[in-house]
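When the letters of the sequence shown are read in order and numbered with this note's numbering, they come out as residues 40 to 273. Below you'll find the structure, written out as structure tokens, and then a few comments.
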Amino acid sequence: MTSGANRQIRHSGVFAVNHNQTGARARQKSALQSAAASAFLMRRAKAFTPLQDLHENIFNANISDLLPLQPGHFIAVLRQQNQKAVPEILLGKVIALYTNSGARGAKHEAISSVNSAGMPSYTMVRVYRPSHGSSYTSIACPSLGATTFIRVPLTHILFSFAASSGSILRIDITTDAAHPFELITLCPLSSAVMQGLYARVNQVSECVKGLQKSRKSTSTMDTESEGSGTSDFV
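What follows is the structure in structure tokens.
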């Protein structure tokens with residue numbers, strides 16, 4: 040150590056190296072995420088072929104660069120606790136999105152938006168139950184007057200209604216801050232998609248199982264939420 044100036048130069052050099060290493064890791068992570076998302080979309084498109092008549096964008100869950108999914112948007116999901124459980128189609132509002140590199144054991148990180156159905160490692164949603172007609176209530180458990188939140192793996196996201204956000208009527212009728220209560224009414228397009236999914240819930244379940252199976256048999260990197268083939272709901 041000869042002077043303060045020299046010490047500062049050496050410190051600056053170390054900082055530059057760390058910055059470059061961080062940038063390289065970020066680029067590598069982004070590349071892994073993109074590759075995993077692209078591979079997932081190809082498998083999803085094949086698995087969901089039987090449902091193509093429901094909507095032209097069922098193959099990508101209606102999520103794209105033009106229609107990114109963000110917190111606050113509504114999505115249709117499949118809930119099935121295990122292979123023998125009765126499958127259920129649910130409507131949920133996205134509360135949070137998480138992603139990772141796709142590698143086994145990779146850390147999940149919160150993100151503000153996704154432009155591919157293959158990007159989120161899992162999604163937290165608030166469940167809305169049918170009320171009447173095309174209306175849904177956020178009180179998913181009427182007997183308790185409680186809201187239900189579930190964690191949805193990417194394989195069980197069926198369709199995003201981000202494109203219809205401006206057409207979905209929302210009425211906040213909360214009287215107690217501790218018990219938020221919202222009533223929504225879907226637009227005709229969103230309602231038609233939900234009705235189509237309800238009517239073919241068993242076929243939807245088989246498509247999701249096929250997607251899970253294809254991911255297991257063709258990849259060892261992106262199985263973070265499949266385990267024995269059941270969904271990762273909590």
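Think of the CB as a built atom: it goes at the ideal place given N, C-alpha and C, for glycine as much as any other residue. This one's a predicted model, so the numbers in the text were calculated from it and none came from an experiment.
Can you find the residues in the same chain that come closer than 8 Å, C-beta to C-beta, to residue 104, ignoring five residues on each side of it along the sequence? Start at 1 with the first residue of the sequence shown, and residue 104 comes out as number 65. Counting only Cβ-Cβ distances below 8 Å, and skipping sequence neighbours, we find 154.
Do residue 128 and residue 222 have their beta-carbon atoms positioned less than 9 Å apart in this structure? Walking along the sequence shown from the start, residue 222 turns up at place 183. Walking along the sequence shown from the start, residue 128 turns up at place 89. No, they are not a contact pair.
Run the CB neighbour count on residue 208, radius 10 Å, all protein chains shown included, and call it buried at 16 or more, exposed below. Against the sequence shown, residue 208 aligns to sequence position 169. That one is exposed.
Span of the beta strand (DSSP E) around residue 90: In the sequence shown, the residue the question calls residue 90 occupies position 51. It is not in any beta strand (DSSP E) - residue 90 carries neither H nor E in the DSSP assignment.
Could you say which of 139, 84, 123 lies nearest to residue 71 if we only look at CA atoms? Indexing the sequence shown from 1 puts residue 71 at position 32. Out of 139, 84, 123, 139 has the C-alpha closest to the C-alpha of residue 71.
Just to confirm the assignment, what range does the beta strand (DSSP E) spanning residue 229 have? Within the sequence shown, residue 229 is the residue found at index 190, counting from 1. Under the DSSP assignment, residue 229 falls outside any beta strand (DSSP E), being part of the alpha helix (DSSP H) whose first and last residues are 227 to 238.
If you reduce the DSSP assignment to three classes, tell me which class residue 138 lands in. Here residue 138 refers to the residue found at position 99 of the sequence shown. Three-state DSSP puts residue 138 in a strand.
Assign residue 111 to one of two classes, buried (16 or more other C-beta atoms within 10 Å of its C-beta) or exposed (fewer than that). Counting from 1 along the sequence shown, the entry for residue 111 is found at position 72. It is exposed - the Cβ of residue 111 has fewer than 16 other Cβ atoms within 10 Å.
Name the residue from 250, 159, 152 whose alpha carbon lies nearest to the alpha carbon of residue 146. The residue given as residue 146 occupies position 107 in the sequence shown. With distances taken between Cα atoms, residue 146 lies closest to 159.
Cutoff 7 Å; reference residue 267; Cβ partners in own chain excluding five residues on either side: As a working note, residue 267 is residue 228 in the sequence shown. Interpretation of residue 267 is limited by its pLDDT of 32, a score under 50 that renders its predicted location unreliable; the figure taken from the coordinates is listed afterwards. Nothing meets the Cβ criterion.
Note down the Cα distance separating residue 212 from residue 219, rounded to an integer number of angstroms. Locating residue 212 in the sequence shown gives position 173, counting from the first residue. Locating residue 219 in the sequence shown gives position 180, counting from the first residue. Their Cα atoms are separated by approximately 8 Å.
Can you tell me whether residue 220 is helix, strand or coil according to DSSP? The residue you call residue 220 lines up with position 181 of the sequence shown. In the structure shown, residue 220 sits in coil (DSSP, three-state: anything other than H, G, I, E or B).
Does the segment 177 to 196 come within contact of the segment 112 to 125, defined as at least 3 CB pairs closer than 8 Å? yes
Could you tell me which of 236, 168, 96 sits nearest to residue 186, measuring between CA atoms? Here residue 186 refers to the residue found at position 147 of the sequence shown. Closest by alpha carbon: 168.
Count the other CB atoms, across all protein chains shown, that sit within 10 Å of the CB of residue 91; report buried if there are 16 or more and exposed otherwise. Within the sequence shown, the letter at position 52 stands for residue 91. Its Cβ having fewer than 16 others within 10 Å, residue 91 is exposed.
Ends of the beta strand (DSSP E) at residue 113? As a first step, residue 113 must be located in the sequence shown, where it is residue number 74. Here the beta strand (DSSP E) through residue 113 covers 113 to 118.
Could you give the C-beta distance for residue 131 and residue 165, rounded to a whole number, given that I count them as a contact under 8 Å? Within the sequence shown, numbered from 1, the residue matching residue 131 stands at position 92. Within the sequence shown, numbered from 1, the residue matching residue 165 stands at position 126. The Cβ separation is near 6 Å, so the contact holds.
With a threshold of 8 Å on Cβ separation, who are the neighbours of residue 241 within its own chain once the five nearest residues in sequence on each side are excluded? Here residue 241 is taken as the residue at index 202 of the sequence shown, counted from 1. Once the five neighbours on either side are set aside, the close Cβ partners of residue 241 are 126.
Can the beta-carbon of residue 175 be found less than 9 Å from the beta-carbon of residue 224? Numbered from 1 along the sequence shown, position 136 holds the residue referred to as residue 175. Numbered from 1 along the sequence shown, position 185 holds the residue referred to as residue 224. One thing to note: residue 175 has its Cβ within 9 Å of the Cβ of residue 224.
Looking at residue 93 and residue 235, is the spacing between their C-beta atoms short of 9 Å? Counted from its first residue, the sequence shown places residue 235 at position 196. Counted from its first residue, the sequence shown places residue 93 at position 54. Against a cut-off of 9 Å, the Cβ pair of residue 93 and residue 235 comes out as a contact.
Secondary structure of residue 56, DSSP reduced to three states: Position 17 of the sequence shown, counted from the first residue, corresponds to residue 56. Low per-residue confidence applies at residue 56: pLDDT is 45, beneath 50, and the placement is therefore not dependable, though the value from the model is reported in the following sentence. Reduced to three states, the DSSP call for residue 56 is helix.
Report the three-state DSSP secondary structure of residue 203 (helix, strand or coil). The sequence position of residue 203 within the sequence shown is 164, counting from 1. Three-state result, residue 203: helix.
Candidates 256, 101, 170, of which the one nearest residue 201 by Cα: Locating residue 201 in the sequence shown gives position 162, where the first residue counts as 1. When each option's Cα is compared against that of residue 201, the closest is 101.
Residues near residue 228 in its chain [Cβ-Cβ closer than 7 Å; skip 5 each side]: Looking up residue 228 in the sequence shown gives position 189. Closer than 7 Å at Cβ, skipping near neighbours: 203.
From the DSSP output, which residues share a beta bridge with residue 176? Within the sequence shown, numbered from 1, the residue matching residue 176 stands at position 137. According to DSSP, residue 176 bridges with 168, 222.
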